[in-house]
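Chemist:
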Amino acid sequence: MEGRESGELYRALCAGPDAPGLAPGALFGLAESGAPGAAALLRPLTAHPEGRVRAAALAALRMLDAVSPDTLMAAMDDPHPPVVRTARKALVPYVLLVPEEWLAALVAPGRPRHVRRSGLRLLCAHSLALRKRVLAALEEDEDPEVAHEAQRARYEPLPPAGSDG
C-alpha cells in the first residue's frame, strides 16, 4: 500500500466517484477500514454509472449499517441485476414496513425479470395473506417462477386466526 494507511488509500480511491474502473473491492475496503466519513463517500457511489460499483456501494453501506429502506427501495428499480439482489437482501429486515402497493408493483407484469424475481423473494419474507392477495392474479403469468409461486400461495393454508404464523 505504498506506506499509506489502508483507510486513507481506500478514501482516495473512492473520492473520485465518476472515475471509470473504480474497483468494487475499494468500496468494501473503505467500509471495512472504518475510515471516518466512509458512508458519506459511499452514498454517491450508489448512483455510479457502473452497475458493479452501485451494487458494491449498497453492500458496503449495508456493512456500515448506513443504508435506509428508502434508498434500498429505489435501488430495486436498477437495471443491473446484482444491484437489485443486493437491495433485496438488505430490505428483508424492513419488508413489513414497505407499502403493500410497492411490493405488488415489483412483481407486476411488464417489470424486468430480475426485479420481479427479487420482488417474489421479498413477498416470501412477508405474510402469506399478503402473498395470496398480490399473487392471486398471476397464476397464469408468462414467467414460470411467478406463476408457480402464485399457484403455491393459492393452496397454502393460512394459519389459524390469532396465531403468530
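Last residue of the sequence shown: number 165 in the numbering used here, and the count goes up by one each step with no gaps.
Virtual Cβ for every residue (Gly too), placed ideally from N, Cα, C.
Note that the structure is a prediction, hence the values are computed from the model and not measured.
1) Considering Cα atoms alone, identify which of H80, V134 and L22 is closest to A150.
2) A40: which of P82, L61 and P69 sits nearest, CA to CA?
3) At the level of alpha carbons, what is the spacing between E139 and L122?
4) Near L158, what residues of its chain come up, given a Cβ to Cβ distance below 7 Å and the 5 sequence neighbours on each side ignored?
5) Using 8 Å for Cβ pairs, my map puts R11 next to A35. What's the rounded Cβ distance?
6) Looking only at its own chain, which residues have a Cβ that is under 6 Å from the Cβ of L22, when we skip the five neighbours before and after it?
7) Considering only C-alpha positions, which residue in the set S6, T86, Y155 and S118 is nearest to L103?
8) Going by C-alpha to C-alpha distance, which of A15, H126 and C14 sits closest to P99?
9) Thinking V146 and V107 are a contact (beta carbons under 8 Å), I'd like their distance in whole angstroms, please.
10) Hey, would you say the C-beta of V92 is under 6 Å away from at least one heavy atom of the ligand SAH?
11) Could you name the residues of the same chain whose beta carbon sits closer than 6 Å to that of G51, not counting the 5 residues immediately before and after it, in chain order?
Modeler: On the basis of the coordinates in this document:
1) V134
2) L61
3) 18 Å
4) If we look at L158 and ignore the five residues flanking it on each side, its Cβ neighbours are L128 and A129.
5) 5 Å
6) V53
7) Checked all of S6, T86, Y155 and S118; the closest Cα to L103 is S118.
8) H126
9) 6 Å
10) As presented, the structure is devoid of all ligands, the ligand SAH included, so that no description of it is given.
11) H80 and V83
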